[in-house]
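Chains as they are written, first to last, in this note's numbering: chain A, 723 to 838; chain B, 723 to 838; chain C, 723 to 838; chain D, 723 to 838; chain E, 723 to 838; chain F, 723 to 838.
Number of protein chains: 6
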Amino acid sequence: MENKQNPIEEFNAYRAKMNEKILSSDNLVLKRLFNLDTQTYSEGVLSTKTKEMLGLVASLVLRCDDCVKYHLEKCYQQNTSTEELFEILAVANIVGGTIVIPHTRRAVEFWEALNG
Amino acid sequence: MENKQNPIEEFNAYRAKMNEKILSSDNLVLKRLFNLDTQTYSEGVLSTKTKEMLGLVASLVLRCDDCVKYHLEKCYQQNTSTEELFEILAVANIVGGTIVIPHTRRAVEFWEALNG
Amino acid sequence: MENKQNPIEEFNAYRAKMNEKILSSDNLVLKRLFNLDTQTYSEGVLSTKTKEMLGLVASLVLRCDDCVKYHLEKCYQQNTSTEELFEILAVANIVGGTIVIPHTRRAVEFWEALNG
Amino acid sequence: MENKQNPIEEFNAYRAKMNEKILSSDNLVLKRLFNLDTQTYSEGVLSTKTKEMLGLVASLVLRCDDCVKYHLEKCYQQNTSTEELFEILAVANIVGGTIVIPHTRRAVEFWEALNG
Amino acid sequence: MENKQNPIEEFNAYRAKMNEKILSSDNLVLKRLFNLDTQTYSEGVLSTKTKEMLGLVASLVLRCDDCVKYHLEKCYQQNTSTEELFEILAVANIVGGTIVIPHTRRAVEFWEALNG
Amino acid sequence: MENKQNPIEEFNAYRAKMNEKILSSDNLVLKRLFNLDTQTYSEGVLSTKTKEMLGLVASLVLRCDDCVKYHLEKCYQQNTSTEELFEILAVANIVGGTIVIPHTRRAVEFWEALNG
Numbered sequence: 723m724e725n726k727q728n729p730i731e732e733f734n735a736y737r738a739k740m741n742e743k744i745l746s747s748d749n750l751v752l753k754r755l756f757n758l759d760t761q762t763y764s765e766g767v768l769s770t771k772t773k774e775m776l777g778l779v780a781s782l783v784l785r786c787d788d789c790v791k792y793h794l795e796k797c798y799q800q801n802t803s804t805e806e807l808f809e810i811l812a813v814a815n816i817v818g819g820t821i822v823i824p825h826t827r828r829a830v831e832f833w834e835a836l837n838g
Numbered sequence: 723m724e725n726k727q728n729p730i731e732e733f734n735a736y737r738a739k740m741n742e743k744i745l746s747s748d749n750l751v752l753k754r755l756f757n758l759d760t761q762t763y764s765e766g767v768l769s770t771k772t773k774e775m776l777g778l779v780a781s782l783v784l785r786c787d788d789c790v791k792y793h794l795e796k797c798y799q800q801n802t803s804t805e806e807l808f809e810i811l812a813v814a815n816i817v818g819g820t821i822v823i824p825h826t827r828r829a830v831e832f833w834e835a836l837n838g
Numbered sequence: 723m724e725n726k727q728n729p730i731e732e733f734n735a736y737r738a739k740m741n742e743k744i745l746s747s748d749n750l751v752l753k754r755l756f757n758l759d760t761q762t763y764s765e766g767v768l769s770t771k772t773k774e775m776l777g778l779v780a781s782l783v784l785r786c787d788d789c790v791k792y793h794l795e796k797c798y799q800q801n802t803s804t805e806e807l808f809e810i811l812a813v814a815n816i817v818g819g820t821i822v823i824p825h826t827r828r829a830v831e832f833w834e835a836l837n838g
Numbered sequence: 723m724e725n726k727q728n729p730i731e732e733f734n735a736y737r738a739k740m741n742e743k744i745l746s747s748d749n750l751v752l753k754r755l756f757n758l759d760t761q762t763y764s765e766g767v768l769s770t771k772t773k774e775m776l777g778l779v780a781s782l783v784l785r786c787d788d789c790v791k792y793h794l795e796k797c798y799q800q801n802t803s804t805e806e807l808f809e810i811l812a813v814a815n816i817v818g819g820t821i822v823i824p825h826t827r828r829a830v831e832f833w834e835a836l837n838g
Numbered sequence: 723m724e725n726k727q728n729p730i731e732e733f734n735a736y737r738a739k740m741n742e743k744i745l746s747s748d749n750l751v752l753k754r755l756f757n758l759d760t761q762t763y764s765e766g767v768l769s770t771k772t773k774e775m776l777g778l779v780a781s782l783v784l785r786c787d788d789c790v791k792y793h794l795e796k797c798y799q800q801n802t803s804t805e806e807l808f809e810i811l812a813v814a815n816i817v818g819g820t821i822v823i824p825h826t827r828r829a830v831e832f833w834e835a836l837n838g
Numbered sequence: 723m724e725n726k727q728n729p730i731e732e733f734n735a736y737r738a739k740m741n742e743k744i745l746s747s748d749n750l751v752l753k754r755l756f757n758l759d760t761q762t763y764s765e766g767v768l769s770t771k772t773k774e775m776l777g778l779v780a781s782l783v784l785r786c787d788d789c790v791k792y793h794l795e796k797c798y799q800q801n802t803s804t805e806e807l808f809e810i811l812a813v814a815n816i817v818g819g820t821i822v823i824p825h826t827r828r829a830v831e832f833w834e835a836l837n838g
């Protein structure tokens, strides 16, 4: 599949391209919110790994596929295991209900791509 | 259109493939939730047909396209008429507002595929 | 408890008082939406009872306590049984997850008041 | 009713007391988010009045009563008329559906207190 | 790209085609809701431009991409400037949080197409 | 304040009373969901403490005050520190936006009661 980007690269490329456009708009509120977003997950009394798991479960129950992908990638970089991932998915599906299932399917597919 | 899956088959195939992966993870909570999901719509004092209509309206106001498709298929199997469908869509759009309209469009398109 | 309104009367009195204020504002869009809301649940190919159950499950998964109370009262008037109510609550909690539980508690409390 | 705070004072007092506790926690992310929140509604190419109306409609469709009260107070300070308010309420109820009605009732009640 | 519809035409064509199907169903509630939706944004004490900005911010915080596109097109027709757009996006992202960011990316992309 | 229940006891008493009524209804789906809810937070590859933090952040972004209180109590029993709590609140407010602030205020108030 040389002529087709993989889903991770595709996701990251679009994200990077559009973030640049948003930040180049010189809207201070958006710029600062983007900065603050990064700070939120920095090492604190809670580890970055724990915070990324919190970001993931929040994204899952709010059913935002792109946010889920972003935090899956971060969780992967923080050495979250597949067994840990499924326990996060379980919390999300119990709290958020079966409407989280379709997002769970796409999350598992992206997780496989990350581990592929 | 021999070389292109129809939207119903495509939806069901992806759903089946990913459900299998989720269930093979051996996460007990997810396994039991999937089981419970099936039990929820079994014949009770309310008929399966009524329960599937309830599942459909809930999916519509929560704006989950895949959940909508799933319950549309179940409603179709329970002999829901197109006139009944539109009355369900009306409740969903009145309770949930015009943000439900785009999901209503996709629901009607999928309903036509089911009846096609 | 003679000097305390019961929860049903209190709910209905506030609802009636504020609806009157909203309708007396002469905002045509709101007036017509209120009218449309009433029409939505009128007898059609689906019975008013079924439509009120649809309205109830939609209100539950969207977690609007006042909307839940309103549709509980309507379901009660349509002779919905307690066993039927619990099957509706089951669908709502499975689709919407455990965040629906606190609303389920208040729904059951209001249902008891209606049946009391 | 000398011995009872009015709803506006009560709302503002609780808000001020708890905001102080949150800000005194020295969590930088929360501090900066609170700052950013204030900046968002400052005069720009859009007036503060328009931005507060945007904040109000967003709070209404997300059905957060306290956020609605906060923006109602700001809209009132920006000389929003009652007729303008009802047009905002109309947009919120059409986009967000009848589940916004209970919040509309409470909004109208608070608006009356502000104008009382 | 002669053989590929642009994203605006594609969006509008699908929207028009499906709206026609929904309206031809003769469901009175849906018909009237569609009518009411149009009336909501007509010139009042608030201008159509202001109302479309309200519709846009509501669609953003409720995270409905198709509703966002629709109101972006209307805002564009009402001569909303790019600087104004970014102030609306800022309100939406502050009120609704970072889960609005992916929708903001797609909104900016569609806005570029409208201005392209 | 001897004649007034404290907020924690009041919350737990109402919760226990209504859960008993729900479970005594003999609706199997609800019974099993309640069971499953308990299992979800049991010790796994993730600790109960981590899972309760996940449940808390999910409840915060979904803005369910009672769910927030429940998980605050569990987090407290798992020796979550106030500094850790504020980092969880920060994630919830960044992901979910300023509409989470009113729930954050009530969460901090309940946390003080737990620590009081």
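Positions of the beta carbon are idealized from the N, C-alpha and C atoms, including for glycine.
Run of the alpha helix (DSSP H) containing residue 787 of chain B, from where it starts to where it stops: On the second sequence, position 65 is the one that residue 787 of chain B refers to. Counting along the chain, the alpha helix (DSSP H) containing residue 787 of chain B begins and ends at 787-799.
Contacts that residue 820 of chain F makes with chain E (C-beta to C-beta distance below 8 Å): Stepping through the sixth sequence from its first residue, residue 820 of chain F is reached at position 98. Residues of chain E passing the Cβ test: 816, 817, 819.
Closer than 8 Å to chain B by CB, residue 730 of chain E: Walking along the fifth sequence from the start, residue 730 of chain E turns up at place 8. It does not: the Cβ of residue 730 of chain E has no partner Cβ on chain B nearer than 8 Å.
C-beta neighbour in chain B for residue 767 of chain F, strict 8 Å: To locate residue 767 of chain F, count along the sixth sequence from 1; it is residue 45. Chain B, which has no Cβ nearer than 8 Å to the Cβ of residue 767 of chain F, makes this no.
Spatial distance of residue 813 of chain F from residue 790 of chain C (CA atoms): Working through the sixth sequence from its first residue, we reach residue 813 of chain F at position 91. Working through the third sequence from its first residue, we reach residue 790 of chain C at position 68. Spanning the two alpha carbons is a distance of roughly 31 Å.
Straight-line Cα distance separating residue 774 of chain F from residue 800 of chain A: On the first sequence, position 78 is the one that residue 800 of chain A refers to. On the sixth sequence, position 52 is the one that residue 774 of chain F refers to. Approximately 20 Å, taken between the alpha carbons.
Segment contact, 8 Å Cβ cut-off, at least three pairs: the stretch 730-740 of chain D with the stretch 809-827 of chain C: no
Chain-ordered neighbours of residue 776 of chain D on chain F, where CB pairs are closer than 7 Å: The count along the fourth sequence starts at 1 and reaches residue 776 of chain D at position 54. Those within 7 Å of residue 776 of chain D in chain F number zero; the least Cβ separation is about 13 Å.
Option nearest residue 806 of chain C by Cα separation, candidates C:825, C:729, C:785, C:776: Against the third sequence, residue 806 of chain C aligns to sequence position 84. Considering only alpha carbons, the answer is C:776.
Contacts of residue 785 of chain B in chain F (Cβ-Cβ under 8 Å): Here residue 785 of chain B refers to the residue found at position 63 when the second sequence is read from its first residue. Near residue 785 of chain B there are no residues of chain F at all, since even the closest Cβ is about 15 Å away, more than 8 Å.
Partner residues on chain B for residue 762 of chain F, Cβ-Cβ distance less than 8 Å: Along the sixth sequence, read from residue 1 onward, the residue named residue 762 of chain F stands at position 40. Going along chain B in sequence order, the residues near residue 762 of chain F (Cβ under 8 Å) are 751.
Distance, residue 751 of chain E Cα to residue 758 of chain C Cα: Reading the third sequence from its first residue, position 36 is the one you call residue 758 of chain C. Reading the fifth sequence from its first residue, position 29 is the one you call residue 751 of chain E. When rounded, the distance between both Cα atoms is 6 Å.
Closer than 8 Å to chain B by CB, residue 794 of chain F: Start at 1 with the first residue of the sixth sequence, and residue 794 of chain F comes out as number 72. No, no contact with chain B.
Contact belief for residue 784 of chain C with residue 833 of chain C at Cβ below 8 Å, rounded distance in angstroms: In the third sequence, the residue the question calls residue 784 of chain C occupies position 62. In the third sequence, the residue the question calls residue 833 of chain C occupies position 111. Rounded, the Cβ-Cβ distance is 18 Å, inconsistent with contact.
Alpha-carbon spacing of residue 723 of chain C relative to residue 796 of chain E, whole angstroms: As a first step, residue 723 of chain C must be located in the third sequence, where it is residue number 1. As a first step, residue 796 of chain E must be located in the fifth sequence, where it is residue number 74. Low per-residue confidence applies at residue 723 of chain C: pLDDT is 41, beneath 50, and the placement is therefore not dependable, though the value from the model is reported in the following sentence. About 56 Å.
is_contact[residue 759 of chain C, chain B] using C-beta, thresh 8 Å: The residue you call residue 759 of chain C lines up with position 37 of the third sequence. True, the Cβ-Cβ gap to chain B drops below 8 Å.
Span separating the alpha-carbon of residue 749 of chain A from that of residue 831 of chain F: For the purposes of this step, residue 749 of chain A is taken as the residue at position 27 of the first sequence. For the purposes of this step, residue 831 of chain F is taken as the residue at position 109 of the sixth sequence. Computed Cα separation, rounded: 35 Å.
Environment of residue 815 of chain A [buried if 16+ CB atoms lie within 10 Å]: By 1-based counting over the first sequence, the position of residue 815 of chain A is 93. Buried, because 16 or more other Cβ atoms sit within 10 Å of the Cβ of residue 815 of chain A.
Straight-line Cα distance separating residue 828 of chain A from residue 782 of chain E: To locate residue 782 of chain E, count along the fifth sequence from 1; it is residue 60. To locate residue 828 of chain A, count along the first sequence from 1; it is residue 106. Going by the C-alpha atoms only, they are around 23 Å apart.
Residue range of the unbroken alpha helix (DSSP H) whose run includes residue 781 of chain A: Mapped onto the first sequence, residue 781 of chain A falls at position 59. 770-783 is the extent of the alpha helix (DSSP H) around residue 781 of chain A.
Inter-residue spacing [alpha-carbon to alpha-carbon] between residue 768 of chain B and residue 811 of chain B: In the second sequence, counting from the first residue as 1, residue 768 of chain B sits at position 46. In the second sequence, counting from the first residue as 1, residue 811 of chain B sits at position 89. When rounded, the distance between both Cα atoms is 20 Å.
Which of helix, strand or coil DSSP assigns to residue 748 of chain A: As a working note, residue 748 of chain A is residue 26 in the first sequence. Correct three-state label for residue 748 of chain A: coil.
Chain B within 8 Å of residue 755 of chain E, Cβ atoms only: The residue labelled residue 755 of chain E in the question sits at position 33 within the fifth sequence. Yes, residue 755 of chain E lies at the interface with chain B (some Cβ there is under 8 Å from its Cβ).
Beta-carbon gap between residue 756 of chain F and residue 745 of chain F smaller than 8 Å: Here residue 756 of chain F corresponds to residue number 34 of the sixth sequence, with the count starting at 1. Here residue 745 of chain F corresponds to residue number 23 of the sixth sequence, with the count starting at 1. Taking 8 Å as the Cβ cut-off, residue 756 of chain F and residue 745 of chain F qualify as a contacting pair.
C-alpha distance - residue 765 of chain B paired with residue 808 of chain D, whole-angstrom precision: Numbered from 1 along the second sequence, position 43 holds the residue referred to as residue 765 of chain B. Numbered from 1 along the fourth sequence, position 86 holds the residue referred to as residue 808 of chain D. Their Cα atoms are separated by approximately 46 Å.
Minimum Cβ-Cβ distance from residue 770 of chain B to chain C less than 8 Å: Translated into positions along the second sequence, residue 770 of chain B becomes position 48. With 8 Å as the cut-off, residue 770 of chain B does not count as an interface residue toward chain C.
is_contact[residue 746 of chain F, chain C] using C-beta, thresh 8 Å: The residue you call residue 746 of chain F lines up with position 24 of the sixth sequence. Taking Cβ atoms only, chain C never reaches closer than 8 Å to residue 746 of chain F, which makes this a no.
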